[in-house]
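S.K.: Residue numbering for the sequence shown follows this note's numbering, beginning at 485 and increasing consecutively.
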Amino acid sequence: MTLISLKNLDVTIGKKQILKNIDLEVEKGSVTVFIGPSGSGKTTLLRTINLLQKPSQGILRISNTEVDTSKLSKNAIREIRQYSTMIFQSFNLFKNFTVLENVYRPLILNGKYSKSEAKEIALQALKDVGLEKFASQYPATLSGGQQQRVAIARAVAFHPEVILFDEPTSSLDPEMVESVLQVIVNLAKKNITMILVTHEMEFARKIADKAVFIENGEILTQGDAKILLSNEGSHDRVCSFVNSLYRGTPESAEL
Ligand SMILES: Nc1ncnc2c1ncn2[C@@H]1O[C@H](COP(=O)(O)OP(=O)(O)OP(=O)(O)O)[C@@H](O)[C@H]1O
Ligand SMILES: [Mg+2]
485 MTLISLKNLD
495 VTIGKKQILK
505 NIDLEVEKGS
515 VTVFIGPSGS
525 GKTTLLRTIN
535 LLQKPSQGIL
545 RISNTEVDTS
555 KLSKNAIREI
565 RQYSTMIFQS
575 FNLFKNFTVL
585 ENVYRPLILN
595 GKYSKSEAKE
605 IALQALKDVG
615 LEKFASQYPA
625 TLSGGQQQRV
635 AIARAVAFHP
645 EVILFDEPTS
655 SLDPEMVESV
665 LQVIVNLAKK
675 NITMILVTHE
685 MEFARKIADK
695 AVFIENGEIL
705 TQGDAKILLS
715 NEGSHDRVCS
725 FVNSLYRGTP
735 ESAEL
């Protein structure tokens, strides 16, 4: 079943066209990875899916909500946003809240849960990422990898239809990366719909159903991740990009 559909979507910021003619479908319960060079538009595309970035035109549908992005009402934006949560490179935890507070407090804001219900859900989410022992600590006392797992627990606690990850491991020390990737692999096993921007190719091959290659604001190609990201690859441009990551001179590196 298609959960997310983007049709003929454009994003213009100022006078610059950032995304052009984006057509994309995401199946419910699947994992999609966005790959491509730095500045190609991966983050912007991810942000359009919860309308953090408003497109200039195009149709966006998530589940039963379809919006024409050229005329967005506040209600439409609110409705689209309820479907997804986003995980950023930089964790974005509240430093004056404990780990548990970081996960449960956002849950009681919309009035859906009582404090005790929210705490129970938060504790379970922390258990799922292996951090229940850290519940009463403050984020600054945790490693980067642990902080990112708290951010993931916070997102999962909302039970969103889709979780959007923007390079969730790229600001971590190498030894921290694996624990975060493992948490994401566990989520994939639970068939949670996820879209990830990542440069971790082995991980992407292992976890992703679909890969989308973005270049110059356009989807150059998309398809089965196992085929598109395989060593022999089915697309020359994707192959040369993936190989550049292995050579350690990624085209994705910040210039
Ligand atoms: N708020 C903004 N104002 C102006 N230009 C922007 C803005 N946000 C993004 N851009 C431009 O849009 C293009 C795509 O940016 P985006 O951040 O989506 O790329 P990316 O593929 O995520 O890159 P990276 O791999 O470096 O994270 C870039 O040229 C960027 O400079
Ligand atoms: Mg980016």
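All residues carry an ideal CB built from backbone N, CA and C; glycine is no exception.
Give the single residue among GLY498, GLU550 and LYS500 whose Cα lies nearest to the Cα of LEU490.
M.R.: Start at 1 with the first residue of the sequence shown, and residue 490 comes out as number 6. With distances taken between Cα atoms, LEU490 lies closest to GLU550.
S.K.: What whole-angstrom Cβ distance do ASN534 and MET570 have, given they're in contact under 8 Å?
M.R.: Working through the sequence shown from its first residue, we reach residue 534 at position 50. Working through the sequence shown from its first residue, we reach residue 570 at position 86. Confirmed, Cβ separation roughly 6 Å.
S.K.: Between ARG638 and VAL664, is the Cβ-Cβ spacing less than 8 Å?
M.R.: As a first step, residue 638 must be located in the sequence shown, where it is residue number 154. As a first step, residue 664 must be located in the sequence shown, where it is residue number 180. No. Outside cutoff.
S.K.: Hey, ILE698 and GLY542: beta-carbon distance below 8 Å or not?
M.R.: Residue mapping note: residue 698 aligns to position 214 of the sequence shown, counting from 1. Residue mapping note: residue 542 aligns to position 58 of the sequence shown, counting from 1. No; because the gap between Cβ atoms is not below 8 Å, this pair is not in contact.
S.K.: Put THR708 into one of helix, strand or coil per three-state DSSP.
M.R.: Mapped onto the sequence shown, residue 708 falls at position 224. According to the sequence shown, residue 708 is Asp rather than Thr. Residue state, collapsed to three classes: strand.
S.K.: Using only the alpha-carbon positions, how far apart do ILE468 and MET660 sit?
M.R.: In the structure displayed, the chain extends from 485 to 739; residue 468 sits before or after that span and is not available.
S.K.: I'd like the span of the alpha helix (DSSP H) that includes GLY628, first residue to last.
M.R.: The count along the sequence shown starts at 1 and reaches residue 628 at position 144. First-last of the alpha helix (DSSP H) with GLY628: 628-641.
S.K.: Count the CB pairs spanning the stretch 622-629 and the stretch 580-597 that are closer than 8 Å, and state whether there are at least three.
M.R.: Yes, since at least three Cβ pairs between the stretch 622-629 and the stretch 580-597 fall closer than 8 Å, the two stretches touch.
S.K.: Just the C-alpha distance for LYS512 and ILE497, rounded to the nearest angstrom, thanks.
M.R.: Reading the sequence shown from its first residue, position 28 is the one you call residue 512. Reading the sequence shown from its first residue, position 13 is the one you call residue 497. Rounded to the nearest angstrom, the two C-alpha atoms are 30 Å apart.
S.K.: How is VAL661 classed by DSSP in three states: helix, strand or coil?
M.R.: As a first step, residue 661 must be located in the sequence shown, where it is residue number 177. Helix, per DSSP.
S.K.: Could you tell me which uninterrupted alpha helix (DSSP H) segments, each at least 4 residues in length, are contained entirely in the stretch 678-709, listed from first to last along the chain?
M.R.: List check, alpha helix (DSSP H) in window: 685-691.
S.K.: Are the C-beta of SER554 and some C-beta of chain E separated by less than 8 Å?
M.R.: Looking at the structure shown, chain E is missing, and only one protein chain is on hand.
S.K.: Around the Cβ of LYS694, are there at least 16 other Cβ atoms within 10 angstroms (buried) or fewer (exposed)?
M.R.: The residue you call residue 694 lines up with position 210 of the sequence shown. Buried, since its Cβ has 16 or more Cβ neighbours within 10 Å.
S.K.: Would you tell me roughly how many angstroms separate the C-alpha atoms of GLN666 and ILE691, rounded to the nearest one?
M.R.: Here the question's residue 666 lines up with position 182 in the sequence shown. Here the question's residue 691 lines up with position 207 in the sequence shown. Distance between the alpha carbons of GLN666 and ILE691: 10 Å.
S.K.: With a CB to CB cut of under 8 Å and the five nearest residues on each side skipped, what residues in its chain are close to SER554?
M.R.: Your numbering for residue 554 matches position 70 in the sequence shown. So the list reads PRO539, SER540, GLN541 and GLY542, once near-sequence residues are dropped.
S.K.: Just confirm the distance between the C-beta atoms of ILE546 and GLU645, as a whole number of angstroms; I'd bet it's less than 8 Å.
M.R.: Locating residue 546 in the sequence shown gives position 62, where the first residue counts as 1. Locating residue 645 in the sequence shown gives position 161, where the first residue counts as 1. So it is a contact: roughly 7 Å between Cβ atoms.
S.K.: Using a 10 Å radius around the Cβ and a threshold of 16 neighbouring Cβ atoms, would you call THR682 buried or exposed?
M.R.: Along the sequence shown, one-based indexing puts residue 682 at 198. Per the 10 Å Cβ criterion, buried.
S.K.: Measuring CB to CB, does GLY701 end up less than 8 Å from LYS504?
M.R.: Residue numbering aside, residue 701 sits at position 217 when the sequence shown is read from its first letter. Residue numbering aside, residue 504 sits at position 20 when the sequence shown is read from its first letter. Closer than 8 Å, so yes.
S.K.: Return helix, strand or coil for THR528, following the three-state DSSP convention.
M.R.: Taking the sequence shown and counting its residues from 1, one reaches residue 528 at position 44. In this structure, THR528 counts as helix in the three-state DSSP scheme.
S.K.: Can you give, in chain order, each stretch of the beta strand (DSSP E) that sits fully within the stretch 499-583 and has at least 3 residues?
M.R.: List check, beta strand (DSSP E) in window: 500-511, 515-519, 541-546, 549-552 and 568-571.
S.K.: For TYR588, I'd like the list of residues in its chain whose CB is within less than 6 Å of its CB, leaving aside the five on either flank, ordered along the chain.
M.R.: Translated into the one-based positions of the sequence shown, residue 588 becomes position 104. Contacts found: ALA602, LYS603 and ALA606.
S.K.: Using the three-state DSSP reduction, which class does ASN492 fall into: helix, strand or coil?
M.R.: On the sequence shown, residue 492 is found 8 positions in, with the first residue counted as 1. Strand.
S.K.: Using a Cβ-based criterion (distance less than 7 Å to any ligand heavy atom), does LYS526 qualify as near ligand 2?
M.R.: Translated into positions along the sequence shown, residue 526 becomes position 42. It does: the Cβ of LYS526 is within 7 Å (strictly closer) of some heavy atom of ligand 2.
S.K.: For the alpha helix (DSSP H) containing LEU610, name the first residue and the last one.
M.R.: Within the sequence shown, numbered from 1, the residue matching residue 610 stands at position 126. Per DSSP, LEU610 belongs to the alpha helix (DSSP H) from 599-612.
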